[in-house]
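Visitor: In the working numbering, the protein residues as written are 1 to 631.
Note that the Cβ used here is the ideal one computed from N, Cα and C, for glycine as well.
These numbers come from a predicted model, not from an experiment.
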């Protein structure tokens, strides 16, 4: 790519016009490259042998002429090391060249190494630091060492140290090396500094509700800062340094907050079924309920912000999770069918029962209740029927999406690196449902979770005292006495479960866990999303997909629908299209060609658009590959 750009910059005018080739004189080339001299100079500095091989003698002479005139520098006699030194020192004539590099540093991959080799040994009383990659590397190393030294420090000292480090290293986030991804610790430090700010005062409140209010009005930002700091780093050594610093600051704060919350809950238990504080989740006509497993409160706030950026209307809300905060107990509680679910005896998997049959309230059985109650149960890629055919009434639906909880159990603190992608997918799903005609999408979840770099502390609970013991909760054998806290089960408060005191787990090695009593686990978002975009008037489905090389053939139902098909990497983003959109023909057929062969094997979405450009249907597929869902 770079070579092609360089070649274009030195292509003779006669060739561009299609005239017979002639020798390009140095003065002709000189005129052609006047405006592109900074770019050509940077490309030569990035790859001197390669660029010299691509240019003939006349082109090289013209290049030398421009460099002498503009930069008082001869590439042939001075060489690239002199050029690198002058660029790094940002001499007056070279300021424009440096700015050109800063604008798009990835275009010149050889420059960092050249600057590293060209750096002079002495730079005077006022050295320029930001232009030299080794100065940034030294900064990362010293920051890594300083963060690791926070191990075992008390929270106050750790916060103060992070504050000082932030003052020293914040400027590096504006250096060109940040654009090249070479300042991960400096970027993580910004979030560690935010963590220090948000944990400077403990999370109080004189009741569970008062504490939840404080948490929702800003306390959650401490959790958010930990996730964002961890997401900035990839290497093992950087992750370790950030983990050490985050743990030193975060663990005492969240431990104190959780101990306080558990004291409040012991005096004023959280709502149980039928207590009046557990309003059943319902969908008004035209509403699709979207269940997301493990959408913690801070993630709910980030989801709302993403949706607002995409011009969606967002209604904020929150509710208490059913306890213990595990899916078996908490997911049925946010189902519209919660009124038909009961709890008798607390079993090993914390699951209640279907009232009519006494069978465990599994996901499949709850879906049958939903269907019987008039809800459409949609798959992860289905949009359903917002307007019921022939009934003249709006429909209601239930669907599920997102992998926060499953990824948390699998990846532990590395979940932080997947948060942004999961949130983007989730807001895509919301947009798709709204574009299909649903008036609003209500997002609900079952529980939050704790995430602690370095692992959550462990507490002992002998297995012989329990029937079932999970990371943060356990069912106690009848008549057994335990020394850890207990609370009443949401579905039947007479039945009690044990949970870890503070943020402790019944075992070691857990960085991600839920099931206990903390505001992070118990305060959950309840969000309503809408759009001011007019509801599309067509309904269509992608019935079949077939790939023939790089050409995608799509069959749409019903036949005769007026729609346009497109291939996109992001469903709601027209700029992510990888093909030329085409109208579906009268037989419900359309062919889309992907011209970029480098996209072979990429997972994309086929989307159908109405006359206003709103997405009315989508389907995932693999470029050039057989569609697994095809018929």
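Would you please state the rounded distance, in angstroms, between the beta carbons of residue 306 and residue 525? I believe it to be under 8 Å.
Guide: With 8 Å as the limit, residue 306 and residue 525 do not qualify as a contact, their Cβ atoms being about 13 Å apart.
Visitor: Sorted by chain position, which residues of the same chain lie with C-beta nearer than 6 Å to residue 566's C-beta, five sequence neighbours on each side aside?
Guide: Excluding sequence neighbours, residue 566 sits near 577, 581, 607.
Visitor: If you follow the alpha helix (DSSP H) that residue 522 is in, where does it begin and where does it stop?
Guide: Its alpha helix (DSSP H) spans residues 519-522.
Visitor: Report the option in 500, 579, 361, 585 whose CA atom is closest to the CA atom of residue 555.
Guide: Measuring from the Cα of residue 555, the nearest candidate turns out to be 585.
Visitor: Is it buried or exposed for residue 384, if we count other Cβ within 10 angstroms and need 16 for buried?
Guide: Classification for residue 384: buried.
Visitor: Restricting to Cα atoms, I'd like to know which of 43, 256, 105 is closest to residue 504.
Guide: Closest option to residue 504, Cα to Cα, is 256.
Visitor: Who are the Cβ neighbours of residue 291 in its own chain at under 6 Å, not counting the five residues just before and after it?
Guide: So the qualifying residues of the chain are 400, 444.
Visitor: If we call anything under 7 Å between Cβ atoms a contact, is residue 355 one with residue 342?
Guide: Taking 7 Å as the Cβ cut-off, residue 355 and residue 342 qualify as a contacting pair.
Visitor: DSSP beta-bridge partners for residue 551?
Guide: Partner(s): 548, 593.
Visitor: Measuring only the C-alpha atoms, how far is residue 521 from residue 273?
Guide: Cα to Cα, the separation comes out at about 18 Å.
Visitor: Quick test of your reading: residue 147 and residue 210, contact by CB under 8 Å. State the CB separation rounded to the nearest angstrom.
Guide: Between residue 210 and residue 147 the Cβ distance is about 35 Å, and since that is not below 8 Å, they are no contact.
Visitor: Just the C-alpha distance for residue 453 and residue 313, rounded to the nearest angstrom, thanks.
Guide: Their Cα atoms are separated by approximately 35 Å.
Visitor: Whole angstroms are fine: how far does the CA of residue 358 sit from the CA of residue 311?
Guide: Taking the straight line joining both Cα atoms gives about 45 Å.
Visitor: Can you check the region 326-404 for any alpha helix (DSSP H) of at least 4 residues that lies completely inside it and give the ranges in chain order?
Guide: Listed in chain order, the complete alpha helix (DSSP H) runs (minimum 4 residues) inside the region 326-404 are 327-333, 363-372.
Visitor: Which residue wins for smallest C-alpha separation from residue 637, given the options 621, 84, 140?
Guide: Outside the displayed range of the chain (1 to 631) lies residue 637, so it cannot be described from this structure.
Visitor: From the DSSP output, in three-state form, read off residue 614 for me.
Guide: Coil, per DSSP.
Visitor: Classify residue 323: buried if its beta carbon has 16 or more other beta carbons within 10 angstroms, exposed otherwise.
Guide: It is buried - the Cβ of residue 323 has at least 16 other Cβ atoms within 10 Å.
Visitor: At a cut of 8 Å, does the region 129-140 reach the region 149-163 through at least three beta carbon pairs?
Guide: Touching, no, given that fewer than three Cβ pairs across the two stretches are closer than 8 Å.
Visitor: If contacts are defined as beta-carbon pairs under 8 Å, then residue 316 and residue 527 qualify, I think. What distance do you get, rounded to the angstrom?
Guide: Residue 316 to residue 527, Cβ: 7 Å. Contact.
Visitor: Ordered along the chain, which non-local residues of its own chain (more than five positions away) have a Cβ less than 7 Å from that of residue 29?
Guide: Since pLDDT at residue 29 reaches only 49, below the 50 mark, its modelled position is unreliable, and no value is offered.
Visitor: Please report the distance separating the alpha-carbon of residue 39 from that of residue 411.
Guide: In a straight line, the C-alpha of residue 39 is about 43 Å away from that of residue 411.
Visitor: I'd like the list of long-range same chain contacts for residue 94, defined as Cβ closer than 7 Å, with 5 residues on each side in sequence excluded.
Guide: 71, 86, 87, listed in sequence order.
Visitor: Where does residue 297 fall in DSSP's three states?
Guide: Helix at residue 297.
Visitor: For a test of the three-state rule: what should DSSP assign to residue 290, helix, strand or coil?
Guide: Here residue 290 sits in strand by DSSP.
Visitor: Return yes when the Cβ of residue 495 is within less than 7 Å of the Cβ of residue 346, no when it is not.
Guide: Contact: yes.
Visitor: Could you check where the beta strand (DSSP E) with residue 156 kicks off and where it finishes?
Guide: First-last for residue 156: 155-169, but that is the alpha helix (DSSP H), not the beta strand (DSSP E).
Visitor: Determine the direct distance from the alpha carbon of residue 150 to that of residue 201, and round the result to whole angstroms.
Guide: For residue 201 and residue 150, the distance between alpha carbons rounds to 20 Å.
Visitor: Should the region 418-431 be called in touch with the region 469-479, which here means at least 3 C-beta pairs below 8 Å?
Guide: Flag = no, the region 418-431 and the region 469-479 do not touch.
Visitor: Measure the C-alpha to C-alpha separation of residue 276 and residue 514 and round it to an integer number of angstroms.
Guide: When rounded, the distance between both Cα atoms is 25 Å.
Visitor: Starting from residue 529, follow the beta strand (DSSP E) in both directions and report where the run begins and ends.
Guide: From DSSP, the beta strand (DSSP E) with residue 529 extends over 527-530.
Visitor: Please list the segments of the beta strand (DSSP E) lying wholly inside the region 96-124, counting only runs of 3 or more residues, in order along the chain.
Guide: Fully enclosed beta strand (DSSP E) runs of 3 or longer: not present.
Visitor: Could you work out which residue in 623, 598, 492 is closest to residue 548 when comparing CA atoms only?
Guide: The candidate whose alpha carbon is nearest that of residue 548 is 623.
Visitor: Would you mind stating whether residue 379 and residue 388 have Cβ atoms separated by less than 7 Å?
Guide: Taking 7 Å as the Cβ cut-off, residue 379 and residue 388 do not qualify as a contacting pair.
Visitor: Where are the beta strand (DSSP E) runs, 3 residues long or more, that stay fully inside the region 225-311, in chain order?
Guide: Entirely contained in the region 225-311, the beta strand (DSSP E) runs reaching 3 residues are, in chain order, 287-291.
Visitor: DSSP state of residue 682, grouped into three classes?
Guide: Residue 682 is absent from the structure shown; the chain starts at 1 and stops at 631.
Visitor: DSSP three-state call for residue 434: helix, strand or coil?
Guide: Correct three-state label for residue 434: helix.
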